[in-house]
Amino acid sequence: MPLIEMREALRQAIDEEMERDSKVFILGEEVGEYNGAYKVTKGLLDKWGPGRVLDTPIAELGFAGLAIGAAMTGLRPIVEFMSFNFSFVGADQIISNAAKMYYMSGERFSVPIVFRGPNGAAAQVSSQHSHCVEAIYAHFPGLIVVAPSNAYDGKGLLKSAIRCNNPVLVLESELDYGTKGEVPEKEYLVPLGKAKVVQEGNDLTLISHGRAFNLCKKVVEELDLSIELIDLRTIKPLDIPTLIKSVQKTHRCVIVEEGHSFAGVASEVGFQLAEFCFDYLDAPIGRVCQRETPMPYNRGLELETLPNARRIKEKIYEVLR
Amino acid sequence: MTEQFFSTHPNLSRKEFVAKALEEIGADQALEALRQMYLIRHLETRGEAAYQHGKIGGFYHAYSGQEAIQVAAVQAIGVDNWWTTTYRCHALALLLGESPDAIMAELYGKVTGVAKGRGGSMHLYAKTMLGGFGIVGGHLPIATGAAFSAKYLKEKRISVCFLGDGAVAQGAFHESLNLAALWELPVLFVIENNQWGMGTHVQRAIAFDRMAESQAPSYGIKGYTLNGMDYFGCYTAFKEIAKEVHQNKPVLVECICERFKGHSISDPGLYRSKSELEEAQKKDPILLLSQVLKDAKIVTDAEIAEIDHQAKAVVMEALKFADESKEPSLATLEEGVYAPD
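Protein sequences, first through last, are from chains A and B. Under the working numbering, the first residue of the first sequence carries the number 1, and numbering increases by one thereafter. Under the working numbering, the first residue of the second sequence carries the number 1001, and numbering increases by one thereafter.
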């Protein structure tokens, strides 16, 4: 199986879906002539032309809303946010229009649209460029939120997202665009809403998603413990049956999330597990999240506010005690 | 590139202009406009009364006083285009083909309403109406996107977006106009300047007069000012302007008009004196149109009384329909959050 970078896997997904359906197009800042701020859209302008690969002005509210309007009237737009931090400028469009439209209109207008781009921390880009947005957007009924941790899932989830008749946010990571993974040459899809048990184990269930999942994987390799490792892949809708099944087996659980702890993904996953697995738990559920600070610029401080290997190990031992 | 005020003509008297417009529109269509305006007025008046009786909840923003604009626009431009408007959306849904029954039922929150009782007063829809939108200015990018679709799919339709004067202060206004002009999209933005953003007069909110004429040139597009109380001026202008928009040239229009009621039903309008309101009501678009049609011997006072009577009867029927319709079943609460595959 070919070993390709995450950015190439995502590019293949976009390219294949543009081939498959003429109503699919991509727009965003620098997606065309610049070939993408992170080169995910490399070569697409040359191949598909300026009618389907559109460079936008720096106006997230305007182009996110334009794309939602296009989705309501027969097209299937892919909106690239250069960073999901900038989606906040267009958040009213995503929340008030995309998320609510199908329900609010009595099912008359659906919004088949993908918003994608890097989410979370990069390397020392400080407070305004390091948000994790999954908990914020997953809060709203009507949105679907996915966060692939590897190239295989990246391609398969993005293809499913483009074919979905609802607004889907595909959260990538700037630091993972160059990470290689095995991706089949033959076409495949990864279904929305399905978590993956990446490694089976009996002592503890470790749940994470996105870039933080890869950190968890590394930590597990360093520990001589039988840990069941689960990649959420989709944040919303949450694949709670897979998580319940695991925790009923291991009786202990730690959730790792790059975003903040307060009302985060870990809070939701942990609460649902407490609801459904209360009698099976042998210890309180643990979580490791970004600490309650804006992202500091300083490298040492940055590594300390983010979930790191030390904090994850400490939490695992605490829950196993 | 600013353009003339359209309810007059540089070379014609008002009388000559109206005669020419009436010839173009035709007696039947002008009479239909009068019927629609009466229907809208009765629907709003009765809707407000139903609200006072506790039959309608939430907000209620009446279109009373502004009827000439959307009646003329839909007639001149045609239903089969994309339409968007603000939360003051009852008239547009009616003009685009939703029945008075289904509109009233939506206001009542009933399952027979245009949005199954989920949207309410601010969120009405029709086959070509993408909504009543609840966030000031939030629908301008949506309308721009509908125009993008029309161009992308090579459809012969344009997108028409009504907004209030208050929305001109929003960032979405600038971003949408910039994108529409930059990408040459077939979208017509119509500012209905009823002079009040809720209770704040336009002069205390917007730094410039003649919003369309003053702002359009900065985007390299055309801007026009219309008398929004005058059906004939609006019709002829929209007819001409739509031709430009069909050539992928976005246009910005300002219709100066009067809102006869408060911003919403809960607004007693204390910021406006009684004499100011009376002055505004003298410009009633229904009176204006009626007078022209009477002068042209197209209609008599007795026939107008009959139109009025029939419109009222239709609305009374709609109230009955809404009242007798079923509430949405509680079992359906969580249906329709996501579209099926």
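By construction, the Cβ of each residue, glycine as well, lies at the ideal position given by its N, Cα and C atoms. Computed from a predicted model, the values in this text were never measured in an experiment.
At the 8 Å Cβ level, is residue i part of the contact set with chain B, yes or no?
i	result
F115/A	no
D55/A	no
G375/A	An answer regarding residue 375/A cannot be provided, because it is not within the stretch 1 to 321 covered by chain A.
P141/A	yes
T73/A	yes
M18/A	no
Q93/A	yes
S96/A	yes
G32/A	no
A59/A	yes
L229/A	no
A67/A	yes
A70/A	yes
N85/A	no
Excluding five sequence neighbours on each side, which residues of the same chain lie with their C-beta closer than 7 Å to the C-beta of residue i?
i	result
Q128/A	N85
W48/A	M18
I1307/B	L1034, R1035, Y1038
K100/A	G142
F140/A	I95, A99
Q93/A	L61, A64, G65, I68
C289/A	E257, G259, H260, S261, G264, A266, P307
S1264/B	F1059, Y1060, H1061
Residue i: which of the options sits nearest, CA to CA?
i	options	result
H1061/B	I1040/B, A1068/B, P1010/B, V1079/B	I1040/B
G74/A	I1142/B, S1149/B, A1050/B, K1110/B	S1149/B
A309/A	K196/A, C216/A, E8/A	C216/A
L1022/B	Q1291/B, L1185/B, E1335/B, E1334/B	Q1291/B
S226/A	T250/A, P241/A, G201/A, Q248/A	G201/A
R291/A	I14/A, T250/A, R311/A, I78/A	R311/A
L1094/B	Y1108/B, L1288/B, W1082/B, V1114/B	V1114/B
K1261/B	E1334/B, K1156/B, E1067/B, A1172/B	E1067/B
S126/A	V319/A, K315/A, E314/A, R299/A	R299/A
V1071/B	I1056/B, T1084/B, L1092/B	L1092/B
Alpha carbon to alpha carbon, how far is residue i from residue j?
i	j	result
D279/A	I285/A	13 Å
D1301/B	V1314/B	20 Å
A98/A	Y137/A	11 Å
V269/A	I255/A	8 Å
L1096/B	L1293/B	24 Å
L223/A	L229/A	13 Å
G193/A	A161/A	11 Å
E1303/B	D1028/B	14 Å
A1322/B	K159/A	44 Å
V146/A	L157/A	8 Å
K1326/B	G1117/B	10 Å
C1161/B	E134/A	33 Å
Near residue i, which residues of its chain fall below 8 Å by C-beta distance, leaving aside the five closest residues on each side in sequence?
i	result
Q1004/B	Residue placement at Q1004/B is flagged as unreliable, the pLDDT there being 46, under the threshold of 50; the coordinate-derived value follows with that caveat. Contacts found: P1010, Y1224.
I1206/B	D1165, V1168, A1169
Check whether the Cβ atoms of residue i and residue j lie closer than 8 Å to each other.
i	j	result
L306/A	E257/A	no
I1142/B	L1130/B	yes
G120/A	S173/A	yes
D231/A	V198/A	yes
Y102/A	V111/A	yes
D46/A	V31/A	no
A1212/B	E1244/B	no
N1194/B	C1234/B	no
P1186/B	H1139/B	no
V168/A	A9/A	no
E1184/B	N1081/B	no
E1278/B	G1228/B	no
M1104/B	A1305/B	no
D21/A	L44/A	no
K155/A	A274/A	no
Can a CB atom of chain A be found closer than 8 Å to the CB of residue i?
i	result
P1340/B	yes
S1149/B	yes
N1194/B	no
H1123/B	yes
L1039/B	no
V1074/B	no
T1112/B	no
A1143/B	yes
V1337/B	yes
Sorted by chain position, which residues of the same chain lie with C-beta nearer than 6 Å to residue i's C-beta, five sequence neighbours on each side aside?
i	result
R1210/B	T1225
A1280/B	E1258
A37/A	E30, M82
Residues of the segment 102 to 131 of chain A in Cβ contact with chain D at a cutoff of 9 Å, in chain order, please.
Protein chains A and B are contained in the structure displayed, whereas chain D is not.
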